[in-house]
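K.L.:
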Amino acid sequence: MEIFWILAIPLTGGLLLALFGCRSFAPELNATMSFATFVASAFLAFRVVNDGSFSVFNEQFFVDSFNVFLVALTAFVSFTTSLFSRPYMRIEQAHGKLSINMLRLYHSMYQLFTFTMLLVLLTNNMGIMWVAMEAATLTTVLLVSLYRTPASLEAAWKYFILCGVGLAQALFGTILLYFAAEKVLGAGGTALLWTHLDAVKSQLEPTVLSLAFVFLLVGYGTKVGLAPLHSWLPDAHAEGPTPVSAVLSGLLLNVALYVVVRSKVLVDGALGTHFAGDLMMGFGLLSIIMAAFYLSRQKDVKRMFAYSSIEHMGLVTFAFGMGGPVATFAGMLHMTVHSLTKSAIFFAVGHATQKSGTQLMENIRGLISTNPTIGWGLAIGTLAILGMPPFGVFASEFLIITTAMHAYPWTTPFLLIALGVAFAAIFSRMQEMVFGPATGQRLPHPPALIPVFVHLGLVLLLGLYIPPYLADWYRQAAALIG
Amino acid sequence: MLNFAGQLINLFAAMLLLISFAMLSQRRVLSLINLFALQGLVLAVSTTVVAYSSNQHHLYYSAGLTLLLKVLVLPWILHRLIRKLNVKWDVETMFNIPTTMLVGIVLVVFAFNLAAPISQMAGTITRGTLGIAMACVLLSFLMMITRSKAVPQVIGFLAMENGLFFAATSTSYGMPMVVELGIALDVLIGMFILGIFFFQIRETFDSLDLKHMEKLKED
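So the protein sequences, as listed, match chains A and B.
Here our numbering is used: the first residue of the first sequence is 4, the next is one more, and so on.
Here our numbering is used: the first residue of the second sequence is 5, the next is one more, and so on.
#1: Going by other Cβ atoms of all chains shown within 10 Å of its Cβ, with 16 needed for buried, is A:Asp-475 buried or exposed?
#2: Using a Cβ-Cβ cut-off of less than 8 angstroms, list which residues of the stretch 152 to 183 of chain B approach chain A; keep chain order.
#3: Does the contact criterion of 3 or more C-beta pairs under 8 angstroms hold for the stretch 391 to 398 of chain A versus the stretch 460 to 478 of chain A?
#4: Quick check: is the beta carbon of A:Ile-164 nearer than 8 angstroms to any beta carbon in chain B?
#5: Against chain A, with Cβ distances strictly below 8 angstroms, would B:Lys-219 count as a contact?
#6: Using the three-state DSSP reduction, which class does A:Phe-57 fall into: helix, strand or coil?
#7: Can you tell me where the beta strand (DSSP E) with B:Val-95 in it begins and where it stops?
#8: Quick one: list the residues of chain A neighbouring B:Gln-204, beta-carbon separation under 9 angstroms, in chain order.
#9: Residues of the stretch 102 to 118 of chain B in Cβ contact with chain A at a cutoff of 8 angstroms, in chain order, please.
#10: Please classify A:Thr-126: does DSSP put it in a helix, a strand, or coil?
#11: Could you round the C-beta distance between B:Val-75 and B:Pro-156 to whole angstroms and report it? I think they count as a contact, below 8 angstroms.
#12: Tell me, please, whether the CB atom of A:Tyr-181 is closer than 8 angstroms to any CB atom in chain B?
#13: Just how far apart, CA to CA, sit A:Ala-230 and B:Leu-39?
#14: Among A:Asn-53, A:Leu-255 and A:Met-391, which residue has its Cα nearest to the Cα of A:Gly-423?
#15: Would you please verify whether the beta carbon of B:Thr-208 is less than 8 angstroms from any beta carbon of chain A?
#16: Taking Cβ positions, are A:Phe-82 and A:Leu-10 nearer each other than 8 angstroms?
#17: Locate the beta strand (DSSP E) running through B:Val-75, then write down its first and last residues.
#18: Taking only beta-carbon positions, decide if B:Asp-190 is within less than 8 angstroms of chain A.
#19: Starting from A:Phe-65, follow the beta strand (DSSP E) in both directions and report where the run begins and ends.
#20: So A:Val-263 contacts chain B; which residues on that side make the cut at Cβ distance below 8 angstroms?
#21: Hey, A:Gln-206 and A:Val-221: beta-carbon distance below 8 angstroms or not?
#22: Report yes if the CB atom of A:Phe-57 is closer than 8 angstroms to the CB atom of A:Ile-484, and no otherwise.
#23: Quick test of your reading: A:Ala-425 and A:Gly-380, contact by CB under 8 angstroms. State the CB separation rounded to the nearest angstrom.
#24: Enumerate in chain order the residues of its own chain whose CB-to-CB distance from A:Asn-366 is below 6 angstroms, with the five nearest sequence positions on each side excluded.
#25: Below 8 angstroms between beta carbons: does that hold for A:Thr-373 and A:Ala-441?
#26: Determine, for B:Ile-200, whether the minimum Cβ-Cβ distance to residues of chain A falls below 8 angstroms.
#27: What is the DSSP secondary structure of A:Arg-478, counted as helix, strand or coil?
#28: Just the C-alpha distance for B:Val-110 and A:Met-105, rounded to the nearest angstrom, thanks.
#29: Would you please state the rounded distance, in angstroms, between the beta carbons of A:Val-268 and A:Gln-362? I believe it to be under 8 angstroms.
#30: Taking C-beta pairs closer than 8 angstroms, name the residues in chain B that A:Gly-243 reaches, listed in chain order.
#31: Identify the contact partners of A:Thr-331 in chain B, using a Cβ-Cβ distance below 9 angstroms as the criterion.
#32: Counting only runs that start and end within the stretch 115 to 187 of chain A, where is the alpha helix (DSSP H) found for 4 or more residues in a row?
#33: Figure out for me which residue from A:Ala-173, A:Thr-143, A:Tyr-411 and A:Met-307 has the closest Cα to the Cα of B:Ile-193.
#34: For the stretch 200 to 219 of chain A, which residues have a CB atom closer than 9 angstroms to at least one CB atom of chain B, in sequence order?
#35: Cβ of A:Glu-137 less than 8 angstroms from any chain B Cβ?
#36: Report yes or no: is there a C-beta of chain A within less than 8 angstroms of the C-beta of B:Ala-18?
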């Protein structure tokens, strides 16, 4: 029943906001809808952690501890982002960047985007996963181009075409998967259900599955932002409105990676080798290194943090590629802390750019003296994302690197150098933006910074102490995907 | 009978490949849309033949869906769009057509090689056509790369989806119905969004030429 509500609330929210999105209460309605989705997902999470996995509606939907953790995370970050977007979008409107109709489009698409992500996570059908993933692209294209500036239109076009072509390859991968499955499970609706595929994975044709995985990884990997398929990501993050950057970076990338991991489980079962893991490690490592070296060349603050997202998604892909209980646990923990930290950073960055009237880092100065909360939010968030102890990112990165040292020692220098380069690049930029003489103007509405500190507080908590309840939950999930 | 149907399907597959090449070299936007509609028609007819000869009833529905969506609705939307955007008589200047065609031939050879091991495993009567399906996908991809205007790029994108649909029919008699419906819905919504998007691009850049949109680069 919870699954029904989780999907129905954002869908109705999208329709309601399409009708009433131009009223003054639209931002509050948006936040209320997201809150209701979050409550429903919390109930679902409790149920799954206590009673174990189950499937409903003719097995069309399926939850286990792996996807329920992402459902809860997605619903939570969508909710906090909707809180942040309330004052943020009002300020944008006061600055004359948005008209009332654009806001209506924004609110409606925001809810529909949440819906598509939750559908990807909850569906049991690999075909519907693809459909929902494509729908997630479609709902965000118009969000990226919301400001109608030349740069934002270009970014949205690039986003649409590159992700469209990428997903076309993923569709071909899905067709191949169905082709292999149909020989074992028979034609018809059930042959693409993940639970059924999982039950017979050792009988699936290995050559077809390995080819299918290559297409699925390249296809969905485009959406994860893995190098060298990442070129849409910095543009889309930099040109779209900041709440959209936060959910793209914090949630969409995770969701795309989730599909890759689900496919990996099947391919591992069919092949019995480490082929899928090796591919993922390769793509992951390449993304980490590439992103680290691009970081230092960025001038736009949102672009810089977009590259940082590529780096962290590379790290998570690498961790899932290594496999095994510890690395998988670390990968999931890193997914969680990265989502929370990166969206918090985007919230702070959003208000900082509004104050300075530019996204160029050389013109953002002295945040601490004019608005201490924004300044501290950005400073602490940056330290957290760079993997400083005692934040949660440190814990997960530590686990990933120590596992890599044991299992694949040759990767250690690459990982350490990339993390070091990223640290040097981001830390010095952050210092200049946060300290130093002040520039910038007062904001017409008070900024919303509670979500920033809630997120950072959670990341700090996860770094200091992972509640046994949560650790059990992650361990269950890690055992499922191994 | 089965043999005759097999021949017929091969004939339609060959026509699809031919249309893909024609699209690759077609410079006029209007003719491109008509070619796209023709491709959809051939696809629908060949799907019907497959459905008849293999007794796969759900394929009749997919054929109907293809006919409705790719022969009627999408070309109609595209025709309306180019009329409203005033690009109906646009002729694109394209990079060296013979070279593109040669690259296309290489892609076809590559596609057949890639498809050979899979089609050997398939048990469908259409298995020989997987190579052609993959060739169509790759050729549409090439078309997207060589075009510098927004509308032809999108037609290339839609043609790629046609190729994938054909691939699904030839390996495993199509996908489950719910997935096919979902894909069709995505394509339709995508077309609407692109329609809105075209107007936004035109309003901002005064043209649908994508060469204005090459500002965002790493320096």
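Each residue gets a CB set at the ideal place from its N, CA and C atoms; glycine is no exception.
P.N.:
To lay it out plainly:
#1: Counting from one through the first sequence, the residue named residue 475 of chain A turns up at place 472. So A:Asp-475 ends up on the exposed side.
#2: Ala-154, Gln-157, Phe-161, Met-164, Glu-165, Leu-168, Ala-171, Ala-172, Thr-175, Ser-176, Tyr-177, Met-179, Pro-180, Met-181, Val-182 and Val-183
#3: yes
#4: Translated into the one-based positions of the first sequence, residue 164 of chain A becomes position 161. True, the Cβ-Cβ gap to chain B drops below 8 angstroms.
#5: Against the second sequence, residue 219 of chain B aligns to sequence position 215. Closer than 8 angstroms to some Cβ of chain A, the Cβ of B:Lys-219 qualifies, so yes.
#6: Numbered from 1 along the first sequence, position 54 holds the residue referred to as residue 57 of chain A. It is a strand residue.
#7: Here the question's residue 95 of chain B lines up with position 91 in the second sequence. B:Val-95 -> no beta strand (DSSP E), and no H or E assigned at all.
#8: Numbered from its first residue, the second sequence carries residue 204 of chain B at position 200. Those are Leu-145, Ser-148, Arg-151, Leu-156 and Ala-159, listed as they occur along chain A.
#9: none
#10: As a first step, residue 126 of chain A is located in the first sequence; it is residue number 123 there, counting from the start. Of the three classes helix, strand and coil, the one that applies to A:Thr-126 here is strand, per DSSP.
#11: Counting from 1 along the second sequence, the entry for residue 75 of chain B is found at position 71. Counting from 1 along the second sequence, the entry for residue 156 of chain B is found at position 152. With 8 angstroms as the limit, B:Val-75 and B:Pro-156 do not qualify as a contact, their Cβ atoms being about 19 angstroms apart.
#12: Residue 181 of chain A sits at position 178 when you count from the first residue of the first sequence. Yes, A:Tyr-181 counts as interfacial toward chain B.
#13: By 1-based counting over the first sequence, the position of residue 230 of chain A is 227. By 1-based counting over the second sequence, the position of residue 39 of chain B is 35. Distance between the alpha carbons of A:Ala-230 and B:Leu-39 is about 36 angstroms.
#14: Translated into positions along the first sequence, residue 423 of chain A becomes position 420. It is A:Met-391 whose Cα lies nearest to the Cα of A:Gly-423.
#15: Working through the second sequence from its first residue, we reach residue 208 of chain B at position 204. It does; some Cβ of chain A falls within 8 angstroms.
#16: Taking the first sequence and counting its residues from 1, the one referred to as residue 82 of chain A is at position 79. Taking the first sequence and counting its residues from 1, the one referred to as residue 10 of chain A is at position 7. Not a contact, by the Cβ cut-off of 8 angstroms.
#17: The residue given as residue 75 of chain B occupies position 71 in the second sequence. Segment: none, B:Val-75 is in no beta strand (DSSP E) and carries neither H nor E.
#18: The sequence position of residue 190 of chain B within the second sequence is 186, counting from 1. Chain A contact via Cβ: present.
#19: Residue 65 of chain A sits at position 62 when you count from the first residue of the first sequence. That run of the beta strand (DSSP E) goes 64 to 66.
#20: Taking the first residue of the first sequence as 1, we reach residue 263 of chain A at position 260. Neighbours of A:Val-263 on chain B: none; closest Cβ ~19 angstroms, over 8 angstroms.
#21: For the purposes of this step, residue 206 of chain A is identified with residue 203 of the first sequence, where counting begins at 1. For the purposes of this step, residue 221 of chain A is identified with residue 218 of the first sequence, where counting begins at 1. Against a cut-off of 8 angstroms, the Cβ pair of A:Val-221 and A:Gln-206 comes out as no contact.
#22: Your numbering for residue 57 of chain A matches position 54 in the first sequence. Your numbering for residue 484 of chain A matches position 481 in the first sequence. Taking 8 angstroms as the Cβ cut-off, A:Phe-57 and A:Ile-484 do not qualify as a contacting pair.
#23: For this step, residue 425 of chain A is matched to residue 422 along the first sequence. For this step, residue 380 of chain A is matched to residue 377 along the first sequence. Contact doesn't hold; Cβ gap of about 20 angstroms is too wide.
#24: What you label residue 366 of chain A is simply residue 363 of the first sequence in a count that begins at 1. If we look at A:Asn-366 and ignore the five residues flanking it on each side, its Cβ neighbours are Ser-359.
#25: Numbered from its first residue, the first sequence carries residue 373 of chain A at position 370. Numbered from its first residue, the first sequence carries residue 441 of chain A at position 438. Result yes, Cβ atoms of A:Thr-373 and A:Ala-441 sit closer than 8 angstroms.
#26: Taking the second sequence and counting its residues from 1, the one referred to as residue 200 of chain B is at position 196. Chain A contact via Cβ: present.
#27: As a first step, residue 478 of chain A must be located in the first sequence, where it is residue number 475. Helix, per DSSP.
#28: If you number the second sequence from 1, residue 110 of chain B lands on position 106. If you number the first sequence from 1, residue 105 of chain A lands on position 102. Cα to Cα, B:Val-110 sits roughly 46 angstroms from A:Met-105.
#29: As a position in the first sequence, residue 268 of chain A is number 265, starting the count at 1. As a position in the first sequence, residue 362 of chain A is number 359, starting the count at 1. The pair is not a contact, with the Cβ atoms about 40 angstroms apart (cut-off 8 angstroms).
#30: Within the first sequence, numbered from 1, the residue matching residue 243 of chain A stands at position 240. Within 8 angstroms Cβ-Cβ: nothing; A:Gly-243 doesn't reach chain B, min ~13 angstroms.
#31: Locating residue 331 of chain A in the first sequence gives position 328, counting from the first residue. The contacting residues do not exist; A:Thr-331 stays about 29 angstroms from chain B at best.
#32: 129 to 147
#33: As a first step, residue 193 of chain B must be located in the second sequence, where it is residue number 189. Nearest option by C-alpha distance: A:Thr-143.
#34: Glu-208, Thr-210, Val-211 and Leu-214
#35: By 1-based counting over the first sequence, the position of residue 137 of chain A is 134. At least one chain B Cβ lies under 8 angstroms of A:Glu-137.
#36: Counted from its first residue, the second sequence places residue 18 of chain B at position 14. Cβ-Cβ to chain A under 8 angstroms: no for B:Ala-18.
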